[in-house]
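This report refers to the structure that appears directly beneath it.
Residue numbers (our numbering): 1 to 163.
Now the structure itself:
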């Protein structure tokens with residue numbers, strides 16, 4: 001499956017500052033999940049596939065995108081019922097960064113959240129860290145896309161060899 005995206009997407013008229021505010025809010029939701037001791041792999045998968053995320057996070061504008069993360073978490077918890085974990089495999093900063101990246105990927109690719117999480121799991125994005133100062137989101141998305149495509153090709157090759 002070839003993934004592609006365009007710079008001239010539905011978010012192209014959205015000011016960069018607004019995108020950043022929404023991406024920061026997404027990061028804050030992930031930090032709140034971490035603070036609630038939710039297993040981040042489980043939370044990420046279920047949150048990204050939730051109706052809440054589809055309805056309020058994937059559009060161009062929703063007042064939920066500018067809410068307090070704790071308030072949003074109360075609504076999210078009622079839908080997805082995340083499981084608890086000690087999250088010893090991650091950190092608060094990493095959770096923020098992964099949430100932030102998910103939203104930036106959505107802005108750049110227009111891929112819905114419920115599909116992004118299938119392409120880029122929490123662990124995959126955790127292992128793909130750029131420094132906050134040095135990253136270029138377009139280059140990052142291109143690189144991630146190439147990595148996923150290569151992994152899918154390798155899986156297909158393995159299946160063919162085992163056939």
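Using N, Cα and C, we set each Cβ at its ideal position, and we do this for glycine too.
Are the beta-carbon atoms belonging to residue i and residue j less than 8 Å from one another?
| i | j | result |
| --- | --- | --- |
| residue 29 | residue 72 | yes |
| residue 40 | residue 102 | no |
| residue 43 | residue 33 | yes |
| residue 120 | residue 144 | yes |
| residue 54 | residue 113 | yes |
Closer than 6 Å by C-beta to residue i: which residues in its own chain qualify, once you throw out the five before and the five after it? Chain order, please.
| i | result |
| --- | --- |
| residue 19 | 107 |
I think residue i touches residue j, with their Cβ atoms under 8 Å apart; what is that distance to the nearest whole Å?
| i | j | result |
| --- | --- | --- |
| residue 50 | residue 79 | 5 Å |
| residue 31 | residue 95 | 5 Å |
Whose CA, out of the options, lies closest to the CA of residue i?
| i | options | result |
| --- | --- | --- |
| residue 87 | 138, 154, 142 and 37 | 37 |
| residue 89 | 142, 122 and 55 | 122 |
| residue 67 | 158, 84, 92 and 24 | 24 |
| residue 35 | 100, 91 and 128 | 91 |
| residue 141 | 56, 111 and 153 | 111 |
For residue i, which residues from the same chain have a beta carbon less than 7 Å from its beta carbon, with the 5 sequence-adjacent residues on both sides left out?
| i | result |
| --- | --- |
| residue 46 | 80 and 82 |
| residue 127 | none |
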